[in-house]
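Positions 936 to 1195 (this note's numbering) are the ones given, in order, by the sequence shown.
Every residue gets a Cβ at the ideal spot worked out from N, C-alpha and C, and that includes glycine.
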Amino acid sequence: MKRSRGLTFFTICVYLFLFAPIVIIIMTAFGSDDVITFPVKGFSMKWFANIFTSDMFMKTFQISIQVAVIATIIALIIGVPAAYAMSRFNYKGKGLIKNIFFSSIIVPGIVFGFSLFNFVIIKWKLPIYTSLLIGHTIVILPYIIRVVASSLEGFDYSIEEAAVSLGASRLKTFILVVFPNITSGVIAAFMLAFINSFNNVPISIFLTGPGVSTLPIKMMSYVEYYYDPTISALSVTLMLMTIGIMFIVERTLGLNYFSK
């Protein structure tokens, strides 16, 4: 009995630790004070208005969306065939190639970001936007490969071989036979990669620069100089956007669609 009560208390503490900061952020977003205070005094929506009237936030939001979408598409173009090759064939050096693809999640983000900074910006002198695309593509690539490879585990390759034996090329077979069977995995990979790219900090903090910055980095720099509830309002807005996207996915595909 005592053990059960102790476990219940521990569970409640864990939930409080996880969700209490979110509740506080939501509450402070509607406060009327010019600084973030808790308990909240008054009620105001002006901090949400600040988000949409601020060129700084709107510009970085657009950049974050653009980088996340483009990087995810590039990563899909590379990652889907790579996942297929790793799942379908056995070849010399397969383990080494797999480790290279997954190195970006093995190495600490700060270390990887600093390495990219030295090579991409200092040595190669690439534009900041291009550097962000390269960095984000490398970082989200392992997620796409892992999710797509998981969806390929249940695929019956005898169907593919039957199509090839009937005269279809390997490329045509992949497009018409394999890909339709892993569509759910590709969609899940796209969502996961997009979220990781949009919210990325360790890589972006090294690769952003004057005129080109992502929203998470701009939020970090904002709180260095300002302590008003605009950041809380922006956090609530991003949470609502995420919930909205998940709701649309649930209504159109159903979350159980990703478990197929």
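> If you follow the alpha helix (DSSP H) that Ser1050 is part of, which residue opens it and which one closes it?
Replying inline: Looking at the DSSP string, the run of the alpha helix (DSSP H) that includes Ser1050 is Gly1044 to Leu1051.
>> Residues in the same chain with beta-carbon distance under 7 Å from Thr1007, minus the five sequence neighbours each way, listed in chain order, please.
In response: Ile1075, Phe1125, Ala1128, Phe1129 and Ser1132
> Per DSSP, which one or two residues make a beta bridge with Gly908?
Replying inline: Because the chain in this structure spans residues 936 to 1195, residue 908 falls outside the shown range and cannot be described.
>> Using only CA atoms, which one of Gly1044, Tyr1019 and Gly1070 lies nearest to Glu1088?
In response: Tyr1019
>> Report the start-end ranges of each alpha helix (DSSP H) in the segment 1025 to 1092 that is 4 residues or longer and not cut off at the edges.
In response: 1029 to 1036, 1038 to 1041, 1044 to 1051 and 1063 to 1087
>> Please report the straight-line C-alpha distance between Ile1000 and Ala964, rounded to a whole angstrom.
In response: 23 Å
> With 16 as the cutoff for other CB atoms within 10 Å, does Phe1047 come out buried or exposed?
Replying inline: buried
> Which runs of the alpha helix (DSSP H), 4 residues or longer, sit entirely within the segment 1099 to 1177?
Replying inline: Runs found: 1105 to 1108, 1118 to 1133, 1139 to 1142 and 1150 to 1160.
> Which two residues bound the contiguous alpha helix (DSSP H) that contains Pro984?
Replying inline: In the sequence on display, residue 984 carries Ala and not Pro. First-last of the alpha helix (DSSP H) with Ala984: Lys981 to Thr988.
> Anyone know if the C-beta pair for Ile1138 and Gly1070 falls short of 7 Å?
Replying inline: Yes; because the gap between Cβ atoms is below 7 Å, this pair is in contact.
>> Please return the same chain residues whose Cβ sits closer than 6 Å to the Cβ of Leu1142, not counting the five positions on each side in sequence.
In response: Ser1066, Leu1067 and Gly1070
> Tell me which same chain residues have a C-beta within less than 8 Å of the C-beta of Val1083, skipping the five on either side of it?
Replying inline: Gly1014, Val1015, Ala1018, Tyr1019, Ile1117, Gly1120, Val1121 and Ala1124
> Does the beta-carbon distance from Val1147 to Tyr1078 come in below 7 Å?
Replying inline: Not closer than 7 Å, so no.
> Run through DSSP, which three-state label would Val970 get?
Replying inline: coil
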